Every structure is written in structure tokens, then in C-alpha cells.
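Trainee:
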Amino acid sequence: MGRHKLDAGLARAALDAHTDKRVYRVWYFCGGCMLVFGVLTILSAWQAMRGNDRALPASGRIGVFYLPTGVLALAYRGEPFCTVFVILGCLALILSVALGVTRTRYGIASRSIAPHMP
Numbered sequence: 001m002g003r004h005k006l007d008a009g010l011a012r013a014a015l016d017a018h019t020d021k022r023v024y025r026v027w028y029f030c031g032g033c034m035l036v037f038g039v040l041t042i043l044s045a046w047q048a049m050r051g052n053d054r055a056l057p058a059s060g061r062i063g064v065f066y067l068p069t070g071v072l073a074l075a076y077r078g079e080p081f082c083t084v085f086v087i088l089g090c091l092a093l094i095l096s097v098a099l100g101v102t103r104t105r106y107g108i109a110s111r112s113i114a115p116h117m118p
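So in this note's numbering, the last spot in the sequence shown is 118, and the numbers never skip.
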């Protein structure tokens, strides 16, 4: 997402080959981080729905990171692409809070995935 704009912007800039490659390495690294954060959020929701809410803080922290980052980037750059971070941050926080509140409200006990020690 946004790769076409990156290509167009780099085509207009007078960058040496080393800097050009570095921009793409950072771009793909950040994309990989977003993928890993998404997988962690989905796995934490899946675990919470199965009774293990110990993974919910991971999705909450991801939401806490994404939301202000997206809002500040949107305010600073004005790029519509930054709304992706706002939306994903809100969804991660809503997921964490909703699953945590639902489990607390209905008295669903948390199960740990760690084995019980004798």
C-alpha cells in the first residue's frame, strides 16, 4: 500500500543507488513489522476467545502505539495513507478492551497456556 507513491517520489528525487536501496529496505521492514503486529493482534484475539486473555496486553500495546503515531503522522504529513495506522490502532484497542471487559463482565476465568506445576 502506498508503494506507487514511493516509486514516483523516488523517481523525481536525485538519490544515489545506496540511499535508494536503503529507502526500500526500510519500507519493507516497516511493512513486515505491520504484518507481525497484525498477526499478534489476531492471535491475541483468538486466544482470548478461547479463554486465555493473557495475550490481550499485546494487542492493547500495539493499539497504543499505532493510534497516536497515526494521528500525529496524519496531522504532520496530511497523507491519507496515515489513516491506516489510526484505523488499525483503534481496532486493536477496541478489540483488547471489548474482549477484556466481556470476559470480566461474564466472569469468564482466564486460562493460562503454561502447564500447571505439581
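Every residue, glycine too, gets a C-beta built ideally from N, C-alpha and C. Note that the structure is a prediction, hence the values are computed from the model and not measured.
(1) Using 10 angstroms around the beta-carbon of Thr41, count the other beta-carbons present and answer buried if the total reaches 16, otherwise exposed.
(2) Using three-state DSSP, classify Leu35 as helix, strand or coil.
(3) Alpha carbon to alpha carbon, how far is Leu43 from Val97?
(4) Spatial neighbours of Tyr66 within its chain, please: CB distance less than 6 Å, with the 5 preceding and 5 following residues excluded, ordered by chain position.
(5) Using alpha carbons as the reference points, say which of Glu79, Pro68, Ala73 and Ile62 lies closest to Met34.
(6) Locate the alpha helix (DSSP H) running through Gly78, then write down its first and last residues.
(7) Between Ala45 and Leu99, how many whole angstroms is the CB-CB distance? I'm expecting something under 8 Å.
(8) Which residues mark the beginning and the end of the alpha helix (DSSP H) in which Asp7 is found?
(9) Does Asp20 pass the burial test, meaning 16 or more other C-beta atoms within 10 Å, or should it be called exposed?
(10) Applying the 10 Å Cβ sphere with the 16-neighbour rule, what's the burial state of Gly70?
(11) Between which residues of its own chain and Leu6 is the CB-CB distance below 7 Å, once the five residues before and five after are set aside?
Mentor: So, to answer that:
(1) By the 10 Å Cβ count, Thr41 comes out buried.
(2) Looking at Leu35 - three-state DSSP - the assignment turns out to be helix.
(3) The C-alpha of Leu43 lies about 15 Å from the C-alpha of Val97.
(4) Counting only Cβ-Cβ distances below 6 Å, and skipping sequence neighbours, we find Phe85, Leu88 and Gly89.
(5) Comparing Cα positions, the closest option is Ile62.
(6) In the DSSP annotation of this structure, Gly78 is not part of any alpha helix (DSSP H), being labelled neither H nor E.
(7) At roughly 6 Å, the Cβ-Cβ gap stays under 8 Å, so Ala45 and Leu99 are in contact.
(8) Start and end: Arg3 to Arg12.
(9) Asp20 sits exposed, since fewer than 16 C-beta atoms from the chains shown fall within 10 Å of its C-beta.
(10) So Gly70 ends up on the buried side.
(11) Excluding five sequence positions before and after Leu6, the CB atoms of its chain that fall closer than 7 Å to its own CB belong to Trp27, given in chain order.
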